[in-house]
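Colleague: Structure incoming, see below.
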């Protein structure tokens, strides 16, 4: 168990380092330069060159990389090329918005998806067919399109929720909750569909296992066979898909934040990409990776609790 | 001809063995962990004379299939040598082997996964021939006659494996080994997945082929009865080590190692009265449970289950020694018949 | 092993590359409505998008400011956008880029992921460890956000961006494909090809890849759908072709501004995009359905028919002393062939009955029917199973579960998978103990420890704390027996309880079962293909062939003086000779194989393989009494026993290998002459 946790931790650190390295190399593949970005269209070649020199852009790559890494470890992600502000401070405000959206959407997807998937596996027949077909369609819908439809139905037609905009939690908790509801719902529809399919497949596989027949042969009550033994067996793949789902939903929030005008990480990423704000781009990638890795680490622990083979290995 | 009894005894000077395995050691995995655990195959040696069939018997975990893989080159040995007709093939790649010594082939246990379901029987049989440089038309002709030699119609070449039963697939697998005209065939549990009636058909076929073609067979099985039917000599393995080897009848009827005795005594016979007597004799012998604690690093691996074990068995690994016709790795071999 | 056609369906994923049957029928995945829709729609969208420049009615930038935001009309089939541009023309002009871009992603992802998976599967654990770690890191990176970094660095070069996406997704492809490739590589035909000296490239191309075809197709179709969503998402964020060039994502972004006043604008683009992704996923599902066609839905168990009273004339009368009395039992696939017909046997208290025969003879089905545990789609179609005077056929699942465990318990063939891998042994034992005996947790644990001692486990405390994967096969079977004893049943059904075990362990388990029968008066029904096992433990035996009992009686009588030619043949084919007898140079054998259900001939089902078959064997005939209380189903039995013939047969070479059995009406050799 301890060895398992240590291994997962090492993987997590490795992943963050890889994120730093990859995003660092990516921005250095550019055919423009930070000097050009900072000075805008008015920059002359000489001034751009001087600016790049000042920013350390001409230093050897490894020097820049270790400089960045050193700063990162002290919580310094550099300054924006566009507005000169501290990237770390900006992102610190934005992380909670995105993290909450992704987390709520993941949890909601998990609950709805497992309920639907297990129902489909246990009931079978028409109900099962309906759920699996519905899930197949739901996971194919573009999230931004679903979001707009939800806005149309729930905000414009029914008038239940605000269409767009963000309310800080400190300012108005109820308003905060209402402002996040639509984005979370939009993400949940596709997420729940994927979880429902995983849970359905897992549950069907579980119910076909030999040990389920043993339980039935022992006269075990059917609810116990299904919801204690089969569900426990099916839970392991569901939890690992939840981890992948969180990453996907975290990425999906870029689009959702754009649509609902939410001040999250994704919005910052979009702005940085549009303006080629290299340090901000690297910052967004690194911070997003840290959040994803932490959540996945927690899910790894859940898997260890669920699966004795992992625990006793 | 029969080779001299005894796995380590020198082979006949007059003829080179068809297959010669010397001090074979196989460890799975690498690193410190693998080195500290006992090897899957531990210093195993045997010869097979031309035209001879050697049975390799043991239970799961005995290393018998690993030996088969090492002989075939599917599992690199950690130490020891494998020679075919005197030629050392231990370090050769599989491609080199097939080019230079094309007379080592294999028949596997599971007739369902040993044939590629996406290829016709013809494609499966022609494949090794084409590699040996046989022309297309001639290869097809050989494939047809190969099928006929195992009792299948030649026009089976155009069909797919799913159209055949388990016993027929095993015949096809035998035909695949035969088309290259090999001198040595490794048979890895070739009948254990088959029903009794089909098993008898395949065993008879193997016996016919052995006699007609003078094949040398390395016959790997868990069932001493089946091994005794087909083999001239038997090697009994336990936890990767040779416990006993000798003429098949001697090993089967008058075991010289307690483990061999445990194996023969445990195999039930379909005659109730005789089986009751055998059972009583087995229970009286007092073998330890198979799930007993693992043996120590030194000494005989069978110690935890052996009714004869004494201190010397725990301390010293018994060497193979010749008693009557069999060689046995037991300090107390003289006391085994009294069990 | 059961030869049920249904069981083959359980094996879905891999037996993929099986060639389709000859004939010009549609490929299997097009025969499903979803698959047909998916293929047709995808073909239409791709074709329409790639040929758009030649057929679109309006130019993509052609504005009709008098006709802005129009609903569908004869002029504009799908309406117009805020600048009065024709939506139909714009949608299909926009299609080529996402459709090609997603294709690039899929190609790159598979090019890297599949290749790496094949290499890792071939090179073994060390290479695999490295590549799997790399894949894990790549998988944990938020790919959408990384794509933003790519765009920030190199600009909106969509095909390069999609190729980078392919690199990132290749980790997911690798992960799925590695599992598949490893399981294909474990197949023996791969080893056989390697022994034949095939190069590693050819082994992969000829033997590994074709068997992965289905999984590759499924994954590729799904991935295509996901990639389409990502291209469109990027365009939605403004990272797509620049205006006035249309893109699906940006058209939806545009529509979102008009959602208050003109919601229609959302519909055409959104529906085309969604339908295209749905089509890719439906196609994937249809491809994945291979092999599971027989059970696209979990079949509801049909209520069993009340057929208890329909015992036919041929069945033997009720046996008053028996605890279990099975009469004229019929089992069949619902709307399909019969699997078991007219099986009758009785079991006295404290005795062990063996059901013996080759695979496909219906012995496992018979045993499972005793507890009402037949697989889905198979049911008892006639006859009676009386347990302690009570009819079990026709009971509801609820009523049966009151019997299961408490009165009748079962142990199965594969002890390693019969226990729940997720729960400790102590949980799995105490749970039923508390239910059956109404005791508390502490007492249940004591009873569990005692049961483990009873099944010969010395270090019970350690075993109690273990999980199933930590037990050896023999140990797991002992735990299974202890589990079966928790409800103090009166009947134990053991389905090939020792087949998966080593022979020395088998002897231990048989001794244990015998001791249980002796000490507790338990009755046992044991299913086995091994006549030695039957001789060891059974008091009575019923020999089954092709779904029916051909001979039964006491084990001693049936095995020592077999009357039915099939029993004789099974005994003769056994290579275990008696002590002191010479090993035969050839074994007696039975030509052909057991005919599958649905292909049983009238009259004697063994006739086509029987050395002694004659004309009369093809007509129906009743079984005759034999072995005291037993019977034998052979119309020539008296004749054969008078002539004192035994089953011997010539070695099977040449035509004997044709397992397609000759017709039963073939002139049979006369008695006593062996072929």
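Residue numbers (my numbering), protein chains in the order written: chain A, 1 to 313; chain B, 314 to 652; chain C, 653 to 1327. Glycine included, every Cβ here is placed at the ideal spot set by N, Cα and C. This structure is a prediction, so every number in the text was calculated from the model and none was measured.
Could you tell me how far apart the beta carbons of residue 1065 of chain C and residue 1071 of chain C are, in whole angstroms, since I believe they sit closer than 8 Å?
Modeller: Not confirmed; about 13 Å, so no contact.
Colleague: Under 9 Å between beta-carbons, which chain C residues line up against residue 46 of chain A? List them in chain order, please.
Modeller: Here the premise fails: no neighbours, minimum Cβ distance about 24 Å.
Colleague: Counting only Cβ pairs nearer than 9 Å, list the residues of chain C close to residue 324 of chain A.
Modeller: The requested residue 324 of chain A is not part of the displayed model; chain A covers only 1 to 313.
Colleague: Measuring alpha carbon to alpha carbon, tell me which residue in B:336, B:413, B:365 and B:339 is nearest residue 329 of chain B.
Modeller: Of the candidates B:336, B:413, B:365 and B:339, the one whose C-alpha sits nearest the C-alpha of residue 329 of chain B is B:365.
Colleague: Sorted by chain position, which residues of the same chain lie with C-beta nearer than 7 Å to residue 1189 of chain C's C-beta, five sequence neighbours on each side aside?
Modeller: Excluding positions up to five away in sequence, the list reads 1004, 1162, 1165, 1166 and 1178.
Colleague: Could you check the C-alpha separation between residue 967 of chain C and residue 456 of chain B for me, to the nearest Å?
Modeller: Any reading at residue 967 of chain C must be qualified, since the residue scores a pLDDT of 47, below 50, and its modelled position is unreliable; no value is offered.
Colleague: Using a Cβ cut-off of 8 Å (strictly closer), state whether residue 428 of chain B contacts chain C.
Modeller: It does: the Cβ of residue 428 of chain B has a partner Cβ on chain C nearer than 8 Å.
Colleague: I'd like the list of long-range same chain contacts for residue 811 of chain C, defined as Cβ closer than 8 Å, with 5 residues on each side in sequence excluded.
Modeller: Taken in chain order, the residues that qualify are 752, 753 and 756.
Colleague: Residue 1329 of chain C versus chain B: which residues are under 7 Å apart at the beta carbon?
Modeller: Here chain C covers residues 653 to 1327 and nothing more, so residue 1329 of chain C does not appear.
Colleague: On the premise that residue 255 of chain A lies in contact with residue 323 of chain A, defined as a C-beta separation below 8 Å, what is that separation, rounded to the nearest angstrom?
Modeller: Within the shown structure, residues of chain A are numbered from 1 to 313, placing residue 323 of chain A beyond reach of any answer.
Colleague: Specify, as a first and last residue, the run of the beta strand (DSSP E) that residue 1062 of chain C falls within.
Modeller: Per DSSP, residue 1062 of chain C belongs to the beta strand (DSSP E) from 1060-1063.
Colleague: For residue 318 of chain A, return the contacting residues in chain C, with the cut-off set at a CB-CB distance below 9 Å.
Modeller: This structure leaves residue 318 of chain A out entirely; chain A is present only between 1 and 313.
Colleague: What residues match up with residue 990 of chain C in a beta bridge as DSSP calls it?
Modeller: BP columns for residue 990 of chain C point to C:984.
Colleague: Report the residues of the region 789-815 of chain C with a CB closer than 9 Å to any CB of chain A, ordered along the chain.
Modeller: From the region 789-815 of chain C, only 789, 790, 791, 792, 793, 794, 795, 796, 797, 798, 799, 800, 801, 802, 803, 804, 805, 806 and 807 have a Cβ closer than 9 Å to chain A.
Colleague: Compute the beta-carbon to beta-carbon distance between residue 444 of chain B and residue 861 of chain C, rounded to the nearest angstrom, for a pair I have assumed lies under 8 Å.
Modeller: Not a contact, Cβ separation roughly 19 Å.
Colleague: Using a beta-carbon distance below 8 Å, is residue 648 of chain B in contact with chain C?
Modeller: Not one chain C Cβ lies under 8 Å of residue 648 of chain B.
Colleague: Going along chain C in order, which residues have a C-beta closer than 7 Å to the C-beta of residue 456 of chain B?
Modeller: Result: empty, since nearest Cβ-Cβ is about 13 Å, beyond 7 Å.
Colleague: Taking a Cβ distance cut-off of 8 Å, strictly less, list which residues of the region 1018-1033 of chain C are near chain A, in chain order.
Modeller: Residues passing the 8 Å Cβ filter: 1023 and 1025.
Colleague: Show which residues of chain C have a CB atom less than 7 Å away from the CB atom of residue 29 of chain A.
Modeller: Under the 7 Å cutoff, chain C gives 805 and 806.
Colleague: Report all residues from its chain with a CB closer than 7 Å to the CB of residue 544 of chain B; omit the five preceding and five following residues, and keep chain order.
Modeller: For residue 544 of chain B, where only same-chain residues beyond five positions count, the Cβ hits under 7 Å are 366, 367, 368, 532 and 561.
Colleague: Within the continuous beta strand (DSSP E) that includes residue 638 of chain B, where are the two ends?
Modeller: Run containing residue 638 of chain B: none; DSSP gives neither H nor E here.
Colleague: Among C:1121, C:736, C:707 and C:724, whose alpha-carbon lies nearest the alpha-carbon of residue 718 of chain C?
Modeller: Per the Cα distances, C:736.
Colleague: Strictly under 8 Å for the Cβ-Cβ distance: is residue 308 of chain A near chain C by that measure?
Modeller: True, the Cβ-Cβ gap to chain C drops below 8 Å.
Colleague: Report the residue ranges of all beta strand (DSSP E) runs contained in full by the region 1030-1109 of chain C; include only those spanning at least 3 residues, in chain order.
Modeller: Taking only runs of at least 3 residues, the beta strand (DSSP E) segments lying wholly in the region 1030-1109 of chain C are 1030-1039 and 1060-1063.
Colleague: Which of the three DSSP states is assigned to residue 630 of chain B in this structure?
Modeller: Coil, per DSSP.
Colleague: For residue 568 of chain B, which of B:499, B:636 and B:446 has the nearest alpha-carbon?
Modeller: That would be B:636, whose Cα lies nearest to the Cα of residue 568 of chain B.
Colleague: Can you tell me which of the three DSSP states residue 333 of chain B falls into?
Modeller: Of the three classes helix, strand and coil, the one that applies to residue 333 of chain B here is strand, per DSSP.
Colleague: Kindly give me the distance between the Cβ atoms of residue 682 of chain C and residue 688 of chain C, rounded to whole angstroms, as I take these residues to be in contact under 8 Å.
Modeller: Correct: roughly 5 Å between the Cβ atoms.
Colleague: Do residue 114 of chain A and residue 287 of chain A have their beta-carbon atoms positioned less than 8 Å apart in this structure?
Modeller: No. Outside cutoff.
Colleague: Applying a beta-carbon distance threshold of less than 7 Å, which residues of chain E neighbour residue 1238 of chain C?
Modeller: Although the question refers to chain E, the structure presented lacks it and instead comprises the protein chains A, B and C.
Colleague: Residue 150 of chain A and residue 116 of chain A: beta carbons closer than 8 Å?
Modeller: No. Outside cutoff.
Colleague: By how many angstroms is the C-alpha of residue 1032 of chain C removed from the C-alpha of residue 963 of chain C?
Modeller: Unreliable positioning characterises residue 963 of chain C in this predicted model, as indicated by a pLDDT of 39, which lies under 50. A coordinate reading is not provided.
Colleague: For residue 155 of chain A, which residues in the same chain have their Cβ closer than 6 Å to its Cβ, ignoring the five residues on either side in sequence?
Modeller: Closer than 6 Å at the Cβ level, and outside the excluded window around residue 155 of chain A, lie 161 and 163.
Colleague: What residue from B:331, B:426, B:355 and B:334 has the CA that sits closest to residue 552 of chain B's CA?
Modeller: Among B:331, B:426, B:355 and B:334, the Cα nearest to that of residue 552 of chain B is on B:355.
Colleague: I need the straight-line Cα distance from residue 910 of chain C to residue 876 of chain C, nearest angstrom please.
Modeller: Distance between the alpha carbons of residue 910 of chain C and residue 876 of chain C is about 30 Å.
Colleague: Note down, in chain order, every chain C residue with its Cβ under 8 Å from the Cβ of residue 580 of chain B.
Modeller: Correct list: 1155, 1184 and 1228.
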